[in-house]
Each structure stands twice: as C-alpha cells, then as structure tokens.
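Okay, structure first, notes after.
Chains as they are written, first to last, in the working numbering: chain Y, 2 to 302; chain X, 1450 to 1713.
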C-alpha cells in the first residue's frame, strides 16, 4: 500500500462534486512547490455494465475497477504503472487526464483538483488515435489548432516536432501510410506540441512488435530526458517499466489498487546494458513475483 | 463480336497497366454486347408488342434526345425529385448527425428508424394524397418519405462508428463540442453521409416514379404510361435508359462533392 498521509483539507475537497468540467477547478488549497505534481488520493471507480439494457440501476452488477488507490508523482519524475489486464490502469490514466470522473476520492494536478482535461496534461493514446484524413503535420498540430495558434506558427512547430520524433520527410504523409511505430511517434509529437507539463502514456507501445517497441522506448527516453516532463506510463511490460522509470507502481487485479511502490535503483542515462545488471534482474524478478501472486493474477479472466 | 472477346482475353494475359486499362473498358463492353445479343435473340423468339430489339431501342434513344416532350416530362418530374431530395437531405443529414451524437435522441428514434427502413412507403402514398390532394406538394412529400430513412440511417452510422479514441483525443486537448464536430465528427462521417445521399437519391427517384405511375400521372410517369399503352416498347426502354443516365450523372456529381469536401 501507499504510505501516503492525508491532510484534512484534502479530505474535505474530496467530498465535493465529481462532475466533469472542461476546466480545472481551484483545488483544496494552493500548496508549496515541494508538493507532488500528480496526487491521487483514495480514488475509487466502478462501472455499471451497459449492455444489459434496463439493469442500469442495479449496483450489485457494477464492476469495481479501482478501489481506494493512492499515490503521488513528483515534478519531473517518470513513473510507470504495471498490472494485469483489467486492473484499472487505463481508467486511472483517464481520470488523471480528466477524461473520466472519479467516483470517490480526488486527483490533484499541480495542486488543483482535476475536473476535466487541461492544457497542463497531454495523453499519448494506446492506438495513437490519429485522424486518418489529416497529414502528419496536421495531426501533430491538432492541439495547437484547438488553441487557435496561427497556422504558420503551428505548422512550423509541428515540423520541428516531426523531426524530433524522427519523422522528417514524412510531414505530409497520412497516418495510413505510416507503420505502427511511426504512428505512435506522431501521437507523441502531438502530445509534446501543446507544451504540457505532464505526459500521460497509455500503453503507447503495447501494440508494437518487440523490435519497434525497444526502439520507441529508446526514443521516448531520449526525448523525455530533453524535456524533463512529469510522466506517467501505463504498461503491461515489466522490462519497459524498469528501463524507463524512476519509480514503478504495481497494481493488483480487480478491484485494482496499488500494492507496492518500487523505486528503480538505476541512475540515468539508462543504457540497454543495464538490463543485464543484477539490480535490473532482481527488480524484474521482484515485480514478476508480485504480479503472479494470487490476488494480482485474479484479474486475468 | 469475337473480336472484343479476343481482345479482353489478350488484355488479361498481358500483365501491365495498358492491359488492365483495356480490360476495364473492354470487359464491360463485351458484357454489354453479349447481353444485347441475348436480348435480341429473346425478342426474336417472342414477337411481342412489349419488346423491342437493342437496335430499335438505340434508335428510339437518339430520337428521344431531340424530342421536346421527353425533356419536358423529365423536367416536370425532376423538379419534384430535386425538391423532395433536397428536403430529405436538409432534414435527414442534421437529424442523422444528432441521432448519432446524442444517445438519448438515438434511443428515442431508433425503433422508428428501423420501422421506416422496412416499411414499404408505397402503401402510405394514398394517405399523403388524401391529405394533400393530387398536388405537387403531395408528390414532393412522397419523395421525401421514400428518401429520408436512407439519408438518416447511414449518416447516423457514420457518426456512431467514429472511434471513441478520436473523441477522447479531441477532448483531451480541450476541444469544445463545436470543434469536435468540425474537426472530428464531420470529416469522419463524410464518407457515410455521401453514401446516405446516394442511397437517398436512388430511393427518391423510385418514390417519384412510383407516385407518377400509380397516382399522379405527370412527368416521367405519364410518359411511361403513354408509351406502354401505345405499345411503343423501343421508346419506353430508351426513356428508361435516359432516366438511368440522368441518375448516373447525379451520382457522379455527389462523388465530386465528396472529393471536394474531403480535400477541404
């Protein structure tokens, strides 16, 4: 469990409405700079099955996706969340992104309560979520377009970012003409384009083959270390979590909760050779033991 | 005739761009020739007033191109057809978009849309005529009834099938509802909407001709009835050909619009 102590004023704020709003409400209190960048406090979330038609009011059929989950991410920290399928990892990320409201508990980002998506956070989606009719440049500049950035300016920025993620020469390609790895590069560039403070990565490399996946991890590290963004990565891959992160949150199966927080002992910059060091191997063993313990494995159906 | 069939064969054997182009033109042409030959043979065995040879139909077609009565009939019907189709589009596209976007509205309309798709609208025509008389308004209303469900349903489908990822992506960047429409929903649904327009046009035409053949004998319907009653088989078939060509042009225009919209 997380050993994180609650402050009374935060508990009060948690009792406020959980309705979604496209803005960030002022939080419980503006706090000092030493406070966590992302602060997830005793968050629970359940889903009612939607396919059943009239049974919507029946609470006994609700699936508890997340139960009493708490953790914090410091400014500039890279944290990974590992857990079995269905443990609510993606739900957690969606709630931090403001795409989905919490049932109980509260999430603060930069000291403010999350009540909807905000310009401080950018999501990299599992399947890239590119618009197929828009060119690489237009996809990258999507967020800037919403923010009414002048066309010349956003195109220039999108071209720079395309180059940064290794897509120079593909600026006018359509997503359908790109490989899965390249599409995910566009997704990453689109997130970086809006100059966020927090990068939320929802299993971005999950659908890629092993070789591309490792390339993308290297790329992500290279780009991330140049930005110092606070990052939260949802992943199935233990190796990926260890290789990329400062800290790993291991989650149990349904209902999901954080069962252990592990600091990754290796320094930066990370090299592939580190995967053969005793620290890495031991850590991998440890995480796998946690993931294959009975309570965790329950979520596999 | 063996000439064109031989050509298409050699086109198939030769692998190359020219070969494929030849195949694309020559094969359908060969099919047309074969159908015409079979038709002529069939007509020859029947000797019926209701049938005409392919040659006779073609000659009648040329004749009709210069016949003012034919163009007047087409125009009379086309006015109702276009008015009805325009109304069906003006109502159907927004309706389909809203139904596709708002779940509550979808639930409200879903059963009726299903019913509308499978109900033979032709049986409703007398009700419309009783209410509105043998008027152009009645005719237009019938066209709208025929076309509307086939515009609404594909349009709704186009919106509903937009991946949730795209919508999440848009709202994660703070897109407001109008921006979601402009940047995600409308471009994503364009193909489906145009399909709806095509289907709707085909059904509008069916409605137009059905009402003219059965209840309000003007325009296309009137001319068809006259040709039939005078056993002018060649003229009748030629006229139907003319209607088809007109529809093909309309479909082509819709495709053009689609390409324009996609590029924008």
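By construction, the Cβ of each residue, glycine as well, lies at the ideal position given by its N, Cα and C atoms.
Cβ of residue 1676 of chain X within 7 Å of any chain Y Cβ: Residue mapping note: residue 1676 of chain X aligns to position 227 of the second chain, counting from 1. By this cut-off, residue 1676 of chain X is not an interface position.
Cβ-based burial, residue 203 of chain Y [other Cβ within 10 Å; buried from 16]: Position 202 of the first chain, counting from 1, holds the residue named residue 203 of chain Y. Its Cβ being crowded by 16 or more others within 10 Å, residue 203 of chain Y is buried.
Is residue 1563 of chain X close to chain Y, meaning its C-beta is less than 7 Å from at least one C-beta of that chain? To locate residue 1563 of chain X, count along the second chain from 1; it is residue 114. Judged by the 7 Å Cβ criterion, residue 1563 of chain X is not in contact with chain Y.
How would you label residue 1526 of chain X, buried or exposed, when you count the other beta carbons within 10 angstroms and need 16 or more for buried? Here residue 1526 of chain X corresponds to residue number 77 of the second chain, with the count starting at 1. Buried: at least 16 other Cβ atoms inside 10 Å.
Judging by CA-CA distance, which residue of Y:144, Y:185 and Y:168 is the nearest neighbour of residue 1624 of chain X? Numbered from its first residue, the second chain carries residue 1624 of chain X at position 175. When only C-alpha atoms are compared, the closest one is Y:144.
Helix, strand or coil for residue 1460 of chain X per DSSP? Position 11 of the second chain, counted from the start, is the residue given in the question as residue 1460 of chain X. At residue 1460 of chain X, the pLDDT of 44 sits below 50, so the modelled position is not reliable and the matter cannot be decided from this model.
Just curious, the alpha helix (DSSP H) that residue 66 of chain Y is in, first and last residue? Taking the first chain and counting its residues from 1, one reaches residue 66 of chain Y at position 65. Looking at the DSSP string, residue 66 of chain Y is not in any alpha helix (DSSP H); the run it does join, the beta strand (DSSP E), is 64 to 74.
Element boundaries [alpha helix (DSSP H), containing residue 1655 of chain X]: Indexing the second chain from 1 puts residue 1655 of chain X at position 206. That run of the alpha helix (DSSP H) goes 1635 to 1663.
Return the residues of the region 160 to 185 of chain Y that lie within a Cβ-Cβ distance of less than 8 Å from chain X, sorted by chain order. none
Using a Cβ cut-off of 7 Å, pull out every chain Y residue sitting near residue 1615 of chain X, in sequence order please. On the second chain, residue 1615 of chain X is found 166 positions in, with the first residue counted as 1. Correct list: 130 and 132.
C-alpha distance - residue 13 of chain Y paired with residue 108 of chain Y, whole-angstrom precision: Your numbering for residue 13 of chain Y matches position 12 in the first chain. Your numbering for residue 108 of chain Y matches position 107 in the first chain. Its pLDDT being 34, under 50, residue 13 of chain Y is placed unreliably in this model, and the value from its coordinates should be taken loosely. If I take the Cα positions, the gap works out to 13 Å.
Buried or exposed, going by whether 16 or more other CB atoms sit within 10 Å of the CB of residue 1676 of chain X? The residue given as residue 1676 of chain X occupies position 227 in the second chain. Residue 1676 of chain X should be labelled buried.
Please list, in chain order, the chain X residues whose beta carbon lies closer than 7 Å to that of residue 144 of chain Y. Residue numbering aside, residue 144 of chain Y sits at position 143 when the first chain is read from its first letter. 1622, listed in chain order.
Below 8 Å on the Cβ atoms is my contact criterion, and I expect residue 270 of chain Y with residue 226 of chain Y to pass it. Report the Cβ-Cβ distance as a whole number of Å. Locating residue 270 of chain Y in the first chain gives position 269, counting from the first residue. Locating residue 226 of chain Y in the first chain gives position 225, counting from the first residue. Going by Cβ atoms, the distance from residue 270 of chain Y to residue 226 of chain Y rounds to 7 Å, so yes, they are a contact pair.
Between which two residues does the beta strand (DSSP E) holding residue 42 of chain Y run? Locating residue 42 of chain Y in the first chain gives position 41, counting from the first residue. 39 to 48 is the extent of the beta strand (DSSP E) around residue 42 of chain Y.
Quick check on residue 1712 of chain X: does DSSP put it in helix, strand or coil? Counting from 1 along the second chain, the entry for residue 1712 of chain X is found at position 263. The answer is helix: DSSP assigns residue 1712 of chain X an H, G or I state.
Hey, residue 137 of chain Y and residue 188 of chain Y: beta-carbon distance below 7 Å or not? Working through the first chain from its first residue, we reach residue 137 of chain Y at position 136. Working through the first chain from its first residue, we reach residue 188 of chain Y at position 187. No. Outside cutoff.
My guess is that residue 1665 of chain X and residue 1588 of chain X are in contact by the Cβ rule of under 8 Å, so how many angstroms apart are they, rounded? Within the second chain, the letter at position 216 stands for residue 1665 of chain X. Within the second chain, the letter at position 139 stands for residue 1588 of chain X. The pair is a contact, with the Cβ atoms about 6 Å apart (cut-off 8 Å).
In whole angstroms, what separates the C-alpha of residue 1 of chain Y from that of residue 1704 of chain X? With chain Y covering 2 to 302 only, the question about residue 1 of chain Y has no answer from this structure.
Near-chain Y residues of the region 1620 to 1648 of chain X (beta-carbon distance less than 9 Å), N- to C-terminal order: 1620, 1621, 1622, 1623, 1624, 1625, 1628, 1632, 1633, 1636, 1637 and 1639
From Y:49, Y:68, Y:71 and Y:99, residue whose alpha carbon lies closest to that of residue 62 of chain Y: On the first chain, residue 62 of chain Y is found 61 positions in, with the first residue counted as 1. The option with the nearest alpha carbon to residue 62 of chain Y is Y:49.
Quick check on residue 38 of chain Y: buried or exposed, where buried means 16 or more other Cβ atoms within 10 Å of its Cβ? As a working mapping, residue 38 of chain Y is identified with position 37 in the first chain. Buried is the call here.
Simplified DSSP state of residue 100 of chain Y, which is helix, strand or coil: Within the first chain, the letter at position 99 stands for residue 100 of chain Y. Residue 100 of chain Y falls in the coil class under three-state DSSP.
Compute the Euclidean distance between the alpha carbons of residue 1692 of chain X and residue 1710 of chain X, then round it to the nearest angstrom. Position 243 of the second chain holds residue 1692 of chain X. Position 261 of the second chain holds residue 1710 of chain X. Their backbone Cα atoms lie some 27 Å apart in a straight line.
Check whether the Cβ atoms of residue 1545 of chain X and residue 1605 of chain X sit closer than 7 Å, and answer yes or no. On the second chain, residue 1545 of chain X is found 96 positions in, with the first residue counted as 1. On the second chain, residue 1605 of chain X is found 156 positions in, with the first residue counted as 1. It is a contact, given that the beta carbons lie within the stated cut-off.
Straight-line Cα distance separating residue 1522 of chain X from residue 1702 of chain X: Taking the second chain and counting its residues from 1, the one referred to as residue 1702 of chain X is at position 253. Taking the second chain and counting its residues from 1, the one referred to as residue 1522 of chain X is at position 73. Taking the straight line from one Cα to the other gives about 22 Å.
Contacts around residue 84 of chain Y, its chain only, beta-carbon distance under 6 Å, and the 5 residues preceding and following it disregarded: Position 83 of the first chain, counting from 1, holds the residue named residue 84 of chain Y. Around residue 84 of chain Y: 90 and 252.
Cutoff 6 Å; reference residue 165 of chain Y; Cβ partners in own chain excluding five residues on either side: Reading the first chain from its first residue, position 164 is the one you call residue 165 of chain Y. Excluding positions up to five away in sequence, the list is empty.
Cα-Cα separation between residue 257 of chain Y and residue 265 of chain Y, rounded to whole angstroms: For this step, residue 257 of chain Y is matched to residue 256 along the first chain. For this step, residue 265 of chain Y is matched to residue 264 along the first chain. Distance between the alpha carbons of residue 257 of chain Y and residue 265 of chain Y is about 22 Å.
What are the uninterrupted segments assigned as beta strand (DSSP E) that are 3 or more residues long and contained completely in the region 162 to 247 of chain Y, given in chain order? 199 to 203 and 231 to 236
Hey, how far is the Cα of residue 1671 of chain X from the Cα of residue 1685 of chain X? Residue 1671 of chain X sits at position 222 when you count from the first residue of the second chain. Residue 1685 of chain X sits at position 236 when you count from the first residue of the second chain. One C-alpha to the other measures close to 11 Å.
I'd like to know if the region 210 to 223 of chain Y and the region 1633 to 1641 of chain X are in contact, where contact means that at least 3 CB-CB pairs between them fall below 8 Å. no
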